[in-house]
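Student:
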Amino acid sequence: EPEVTQTPSHQVTQMGQEVILRCVPISNHLYFYWYRQILGQKVEFLVSFYNNEISEKSEIFDDQFSVERPDGSNFTLKIRSTKLEDSAMYFCASSVVSSGQNSPLHFGNGTRLTVT
Amino acid sequence: GQQVMQIPQYQHVQEGEDFTTYCNSSTTLSNIQWYKQRPGGHPVFLIQLVKSGEVKKQKRLTFQFGEAKKNSSLHITATQTTDVGTYFCAGRTGGGNKLTFGTGTQLKVEL
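Taken in order, these protein sequences are the chains called A and B. Reminder that position 81 of the first sequence reads as 81 in our numbering, one-by-one numbering, no gaps. Reminder that position 25 of the second sequence reads as 1025 in our numbering, one-by-one numbering, no gaps.
Shown next, in the form of structure tokens:
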């Protein structure tokens, strides 16, 4: 069964550094998402992306965050200047159509980001 | 903004006992999805409910969507150790792409 893949599985960075988290969504999916989960807490929406542009973003997704689909397969999340509170598990997800059209999200295994 | 709460936050049961988690949204939902996250894993889609009052079953799991489309429940009959994990409801309002996850219920099953 096709999977969403994320790299790296674990990223450790110093406060103030830039990080890029990478994702390869399922090939025929059209909608892409980033969620984050602070340890033991709920899964929080960051951003959705369709047709090479952001379709919706949350209050968490401020100017420090950006997303890009640099080629036909990768989908990246960049955090420009990391803060301690950015430490979390970051999940990439994709869906065939919008979640608004009743399509389930397929999640990757996540990247655990630790900011020291 | 939209808030989706689940109760209980934690539930410990003996294997064979039943389990129910309740999901409540502050706003009316277009649809509700349920996900399961195993310890150390990622959310995995279980089911989607769209119609008011809808009930769906998957083997020992029964999912219900409230008449007002603001609440939902997941009931597991005769739990097994394989049911261990955190169960999240997730709902959408309006026409956007944002799927808001509930606070989750962590289920532990003891032999």
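Glycine is no exception: its CB is placed at the ideal position from the N, C-alpha and C atoms. Everything numeric in this text was worked out from a predicted model, so none of it was measured.
Measuring only between beta-carbons, confirm whether Lys1098 (chain B) sits less than 8 Å from chain A.
Tutor: In the second sequence, counting from the first residue as 1, residue 1098 (chain B) sits at position 98. Cβ-Cβ to chain A under 8 Å: yes for Lys1098 (chain B).
Student: At 3 residues or longer, what runs of the beta strand (DSSP E) sit wholly inside the stretch 1026 to 1109 of chain B?
Tutor: Annotation: the stretch 1026 to 1109 of chain B contains the following complete segments of the beta strand (DSSP E) (minimum length 3 residues), in chain order: 1031 to 1037, 1043 to 1049, 1055 to 1058, 1061 to 1065, 1071 to 1076, 1085 to 1092.
Student: What in chain A is Cβ-close to Phe1101 (chain B), meaning under 8 Å?
Tutor: Translated into positions along the second sequence, residue 1101 (chain B) becomes position 101. Within chain A, the residues near Phe1101 (chain B) are Tyr35, Lys42, Val43, Glu44, Phe45.
Student: Could you pull the DSSP bridge partners for Gln133 (chain A) from this structure?
Tutor: This structure cannot settle anything about residue 133 (chain A), because the visible part of chain A is limited to 1 through 116.
Student: Comparing C-alpha positions only, which one of A:Arg69, A:Gly72, A:Phe75, A:Phe65 sits nearest to Thr82 (chain A)?
Tutor: Position 82 of the first sequence holds residue 82 (chain A). The shortest Cα separation from Thr82 (chain A) among A:Arg69, A:Gly72, A:Phe75, A:Phe65 belongs to A:Phe65.
Student: Contact criterion: CB-CB distance below 8 Å. Does Asn102 (chain A) meet it with respect to chain B?
Tutor: Along the first sequence, read from residue 1 onward, the residue named residue 102 (chain A) stands at position 102. Yes, Asn102 (chain A) lies at the interface with chain B (some Cβ there is under 8 Å from its Cβ).
Student: Tell me whether the beta-carbon of His1075 (chain B) lies closer than 8 Å to the beta-carbon of Thr1062 (chain B).
Tutor: Taking the second sequence and counting its residues from 1, one reaches residue 1075 (chain B) at position 75. Taking the second sequence and counting its residues from 1, one reaches residue 1062 (chain B) at position 62. Yes, they are a contact pair.
Student: From A:Ser73, A:Thr114, A:Asn109, pick the residue whose C-alpha is nearest to that of Glu85 (chain A); which is it?
Tutor: By one-based count along the first sequence, residue 85 (chain A) stands at place 85. Residue A:Thr114 is the option with its Cα nearest to Glu85 (chain A).
Student: Would you say Val1013 (chain B) and Val1084 (chain B) are within 8 Å of each other, going by their C-beta atoms?
Tutor: Position 13 of the second sequence, counted from the start, is the residue given in the question as residue 1013 (chain B). Position 84 of the second sequence, counted from the start, is the residue given in the question as residue 1084 (chain B). If you check the CB distance, Val1013 (chain B) and Val1084 (chain B) do not come in under 8 Å.
Student: Taking Phe10 (chain A) as the reference, give the member of A:Ile20, A:Ser55, A:Glu44, A:Arg80 with the closest Cα.
Tutor: On the first sequence, position 10 is the one that residue 10 (chain A) refers to. Residue identity check: residue 10 (chain A) is His in the sequence provided, not Phe. Closest option to His10 (chain A), Cα to Cα, is A:Ile20.
Student: Going by other Cβ atoms of all chains shown within 10 Å of its Cβ, with 16 needed for buried, is Met15 (chain A) buried or exposed?
Tutor: Taking the first residue of the first sequence as position 1, residue 15 (chain A) is located at position 15. Exposed, because fewer than 16 other Cβ atoms sit within 10 Å of the Cβ of Met15 (chain A).
Student: Run through DSSP, which three-state label would Leu129 (chain A) get?
Tutor: Since the displayed chain A opens at 1 and closes at 116, residue 129 (chain A) lies outside it and no answer follows.
Student: Taking the alpha-carbon positions, what's the Pro8 (chain A) to Gly40 (chain A) distance?
Tutor: Walking along the first sequence from the start, residue 8 (chain A) turns up at place 8. Walking along the first sequence from the start, residue 40 (chain A) turns up at place 40. Rounded to whole angstroms, Pro8 (chain A) to Gly40 (chain A) spans 21 Å at the Cα level.
Student: For the pair the stretch 1088 to 1102 of chain B and the stretch 1018 to 1038 of chain B, tell me if three or more CB-CB distances fall below 8 Å.
Tutor: yes
Student: Helix or strand or just coil, what does DSSP make of Asn1024 (chain B)?
Tutor: Taking the second sequence and counting its residues from 1, the one referred to as residue 1024 (chain B) is at position 24. Here Asn1024 (chain B) sits in strand by DSSP.
Student: Can you give me the C-alpha to C-alpha distance between Ser27 (chain A) and Thr5 (chain A), rounded to a whole angstrom?
Tutor: On the first sequence, position 27 is the one that residue 27 (chain A) refers to. On the first sequence, position 5 is the one that residue 5 (chain A) refers to. Between Ser27 (chain A) and Thr5 (chain A), the C-alpha separation is close to 11 Å.
Student: So, with DSSP's three-state summary, where would you put Lys10 (chain A)?
Tutor: Reading the first sequence from its first residue, position 10 is the one you call residue 10 (chain A). A small fix is needed here, since residue 10 (chain A) is His in this sequence, not Lys. Residue state, collapsed to three classes: strand.
Student: Hey, would you say Tyr33 (chain A) sits closer than 8 Å to Val47 (chain A), going by beta carbons?
Tutor: Locating residue 33 (chain A) in the first sequence gives position 33, counting from the first residue. Locating residue 47 (chain A) in the first sequence gives position 47, counting from the first residue. Here Tyr33 (chain A) is near Val47 (chain A), since their CB atoms are less than 8 Å apart.
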